[in-house]
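Residue numbers (this note's numbering): 22 to 313.
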């Protein structure tokens, strides 16, 4: 009887410790206004991720503010989601830890001001998780100094024999610039005045070939040639520009005869790009210049 009681007591103590840890992490996330990257089950939304923040917690659940959504249909209720975020450690303010949890949306609501909110179930646990696939960093002309864009090219195309739709130095005032990038995709920003010229016809699912040069100061430089599919877009009338989100689907490789070909991505990521993403991410952490 004593042994059985001890095991039950030990299990209860562990559950209590886990619950306290979750409570502390959630409190830190609210205090630090941590941004959560939410990813959903396939088919729920065209967006790969949504940005949210925790505004309240209770025994009933966690309330997330999803300011990036203008509205949310009832289909979100009951949906499973994964959340990735980071918080600064209490004992070491200069050190951040990446965290992840899974949950389910129990309600969708809106504030009096019309901001979408998700009420999600409290997670049983929150895990440490350095998710390279979810790291998205801002880039400028010092990180990506050259960018060319074509409609999808044939596998054995000689790149320089095809006229690109656009070429950019990626400077801030360019008609076409690369705003941010991850190992799985990127976001282009195009001036509205240039949209009819660069993209005379544009539909979700259209595939494009991109060539860009990634630079790590004096450490490394590499040219990437990839195919990417348009997944979403947003026209910002105030800024007079259009934001286009692309997912990488293939990269240039070579067959046994040395002929160029398009190769499917391994684990959905562009080879060697992660080296640049992680280094840029570390640089941004140092300067607290992150977009997560």
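Idealized CB from N, CA, C, for every residue including glycine.
Which of helix, strand or coil DSSP assigns to residue i
i	result
residue 32	helix
residue 313	With a pLDDT of only 40 at residue 313, under 50, the local geometry of the prediction cannot be trusted, and no value is derived from it.
residue 300	helix
residue 164	coil
residue 95	helix
residue 101	strand
residue 86	strand
residue 278	coil
residue 44	helix
residue 294	helix
residue 147	coil
residue 243	strand
Through-space distance from residue j to residue i, alpha-carbon basis
i	j	result
residue 88	residue 134	11 Å
residue 112	residue 42	14 Å
residue 101	residue 44	21 Å
residue 187	residue 167	11 Å
residue 159	residue 200	6 Å
residue 219	residue 192	17 Å
residue 252	residue 265	8 Å
residue 238	residue 84	42 Å
residue 174	residue 246	11 Å
residue 310	residue 303	The pLDDT assigned to residue 310 is 48, lower than 50, so where the model puts this residue is not dependable; a value taken from the coordinates is nonetheless given after this. Straight-line Cα distance between these residues: approximately 10 Å.
residue 60	residue 202	17 Å
residue 206	residue 130	30 Å
residue 165	residue 82	42 Å
Status (buried if at least 16 other CB within 10 Å, exposed otherwise) for residue i
i	result
residue 279	exposed
residue 79	exposed
residue 190	exposed
residue 182	exposed
residue 312	Confidence is the limiting factor: at residue 312 the pLDDT is only 44, short of 50, which leaves the residue's position unreliable, though a coordinate-based value still follows. Exposed is the call here.
residue 36	exposed
residue 145	exposed
residue 255	exposed
residue 208	buried
residue 194	exposed
residue 19	With the chain running from 22 to 313 in the structure shown, residue 19 is simply not present.
Proximity below 9 Å, CB of residue i to CB of residue j
i	j	result
residue 92	residue 122	no
Test: residue i CB closer than 9 Å to a CB of chain C
i	result
residue 280	Structure shown: chain C not included; a single protein chain is present.
- prompt: What are the start and end residues of each continuous alpha helix (DSSP H) run of 4 or more residues lying completely inside the stretch 210 to 239, in chain order?
  reply: 216 to 219
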